[in-house]
Every structure is written in C-alpha cells, then in structure tokens.
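Letter 128 of the sequence shown, counting from 1, is numbered 128 in the UniProt record's numbering, and no numbers are missing. Where a beta carbon is used, it is the ideal one built from N, C-alpha and C, also for glycine. In what follows, a structure is listed as structure tokens, so that the remarks can point back to it.
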Amino acid sequence: MRYRGWLKKKRSASWGWRDYTSRAVVALYLASDANFNGTILEEELMAKQTELKTAVALLRSSLTNSELSMFINSLLVTCHNPRKFYGINLVTRLKEQVKESKGFTHPLSYLALCNAQESWPQKAISDLNNIFNSSSNYPFIIDLQAMAIIAISCNVNKSGDVGELFLSETLTLYENIVNYFMELQLEDGSFGNVYTTALITHALISSGQSTVKVGI
Numbered sequence: 001m002r003y004r005g006w007l008k009k010k011r012s013a014s015w016g017w018r019d020y021t022s023r024a025v026v027a028l029y030l031a032s033d034a035n036f037n038g039t040i041l042e043e044e045l046m047a048k049q050t051e052l053k054t055a056v057a058l059l060r061s062s063l064t065n066s067e068l069s070m071f072i073n074s075l076l077v078t079c080h081n082p083r084k085f086y087g088i089n090l091v092t093r094l095k096e097q098v099k100e101s102k103g104f105t106h107p108l109s110y111l112a113l114c115n116a117q118e119s120w121p122q123k124a125i126s127d128l129n130n131i132f133n134s135s136s137n138y139p140f141i142i143d144l145q146a147m148a149i150i151a152i153s154c155n156v157n158k159s160g161d162v163g164e165l166f167l168s169e170t171l172t173l174y175e176n177i178v179n180y181f182m183e184l185q186l187e188d189g190s191f192g193n194v195y196t197t198a199l200i201t202h203a204l205i206s207s208g209q210s211t212v213k214v215g216i
C-alpha cells in the first residue's frame, strides 16, 4: 500500500519520526510491514529510536494516559518489555493513572493495558459504555468508538471468555456499534478518511467481521 512507502519517506536520518515515532512503528507493525524480530537492521534502528524516545519522555515530570499508552504499545511491537523499562513498570504506572483519573479515559489506554496482559480497573466498562452511548456529532467520536470496540475485542480474545465484559448493556452497545459501522462503509470500501477507515476496519475485523470489503 502506498501509505507505507510515504510513511517511510517521512522517517528522519536517525530512523525515527520525532514525536510520532511510537505511532509510526505501531502503524508499520499493524500493516505487516515490520515485525521487529531482530533480523533486519532497518527495523532494529527504528526499535532503538522507539526505546530512546520513550526514555527521554520519561524524564518529564508527567505523561498523559494517551502518551503512556502509545509508548507501551510501541515497546510491545518492538519486542521491549514495558514492565521492565529501565527499572520502570510503565504498565502499572498507566493502570494507576487510569484508576486515579476523574474524567474521560481514552480507550487507547484500555487497549494498551490489554496488549500488555494487564487487567482493567473497575471503571473501564463504564468508560467504554459512555463512549458507545455518546450522541455527540463530532467526527472523532466514531474514531473513539472504533478504538473502544478494538479494546473490548482484545480483552475478550485474551481471556477467551466474555465474562462480565458482555453483560447485557455492554453486549447490546457493542453489537449496535459494530452494525452501525457496517452501514457506514462506502462503495469504494472506505469509511471516510484514511485514519477512520483504518480504525473501523481494525475494529470490525477484531469483532469477528471477517467479510469486511477493503477497496482502498
């Protein structure tokens, strides 16, 4: 796909993407354009940049939940252990920050915790249900709902059991959003812009909708 070539062209001479390094390596991994298994020098240099950017960011007095989540996901795909990153357990730190958060928690944080094999804090389902229930007309709400679908699908796939995650309200909301996304698909296979299309496609596949047509 052309966007992968474009993304690589935007890479700096130091094999990173400055403040977007974490997002870029995750995107390449999800696109199956990098596996970071230690056999390709180019990928090792990108992984080293991911490690460096994360270490530098940790020198700051605080990091947002979303920043920590991106660092955890990028460390995982580049085969680093976010629980033992230079003596810091980033997974525990993220979970504690989410638990202490009084307001909105981005579903990316719950996805990062799931990817790191960490249980969710008690407020998770309530937060995700609120995202599913949102009646806001802002375009980014769809992106948040797609990320929430991915996070819940991850948790279910990890445990192999729907358990408390799919109590009646959550199950209904989850299925309603999945069906809504299916109705949004355009004739060319997209769901709008590239970012939203990537998120919704990932969400539908993670929910078991293997028949999604991709025309872009």
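Is the segment 177-186 touching the segment 140-149, taking contact as three or more C-beta pairs under 8 Å?
Flag = yes, the segment 177-186 and the segment 140-149 touch.
Per-residue burial, residue 62 [other beta carbons within 10 Å of its own, 16 or more giving buried]
Around the beta carbon of residue 62, fewer than 16 other beta carbons lie within 10 angstroms, which makes this residue exposed.
Simplified DSSP state of residue 132, which is helix, strand or coil
Residue 132 falls in the helix class under three-state DSSP.
How many whole angstroms separate the CB atoms of residue 137 and residue 173, which I take to be in contact at a CB cut-off of 8 Å?
Not confirmed; about 18 Å, so no contact.
Anticipated Cβ contact below 8 Å, residue 73 with residue 115, distance rounded
That belief holds up - the Cβ atoms of residue 73 and residue 115 are roughly 6 Å apart, short of 8 Å.
Exposure of residue 50, with buried meaning 16 or more beta-carbon neighbours within 10 Å:
Around the CB of residue 50, 16 or more other CB atoms lie within 10 Å, so the residue is classed as buried.
Quick check: what's the CA-CA separation for residue 169 versus residue 128?
Roughly 11 Å separates the two Cα atoms.
Rounded to the nearest angstrom, how far is the Cβ of residue 199 from that of residue 146, given a contact under 8 Å?
Yes, they are in contact, since the Cβ atoms of residue 199 and residue 146 sit about 4 Å apart, within 8 Å.
Leaving aside the five residues before and after residue 131 along the sequence, list all residues of the same chain whose C-beta is less than 7 Å from its C-beta, in chain order.
Correct list, in chain order: 107, 144, 145, 148.
If you count every other CB in all the chains shown that lies within 10 Å of the CB of residue 175, and 16 or more means buried, which is it?
When all chains shown are included, residue 175 counts as exposed.
What residues in its chain sit with their C-beta under 8 Å from that of residue 35, if we drop five residues either side in the sequence?
Result list for residue 35: 29, 43, in chain order.
Check residue 198 in the structure and name its three-state DSSP category.
DSSP places residue 198 in helix when its eight states are reduced to three.
Tell me the residue span of the alpha helix (DSSP H) that contains residue 60.
Element bounds for residue 60: n/a, residue is neither H nor E.
Return the CA-CA distance between residue 55 and residue 187, expressed in angstroms with no decimal places.
Spanning the two alpha carbons is a distance of roughly 44 Å.
Would you tell me roughly how many angstroms separate the C-alpha atoms of residue 92 and residue 70, rounded to the nearest one?
For residue 92 and residue 70, the distance between alpha carbons rounds to 15 Å.
In terms of residues, what are the limits of the alpha helix (DSSP H) holding residue 183?
168-184 is the span of the alpha helix (DSSP H), which, as asked, contains residue 183.
Simplified DSSP assignment, three categories, for residue 140:
Three-state result, residue 140: helix.
Does the separation of the CB atoms of residue 21 and residue 53 fall below 8 Å?
Their beta carbons are under 8 Å apart, which means residue 21 touches residue 53 by this criterion.
Extent of the continuous alpha helix (DSSP H) run through residue 67
First-last of the alpha helix (DSSP H) with residue 67: 65-77.
Should residue 157 go down as buried or exposed, given a rule of 16 or more other Cβ atoms within 10 Å for buried?
The residue in question, residue 157, is exposed, as its Cβ has fewer than 16 Cβ neighbours within 10 Å.
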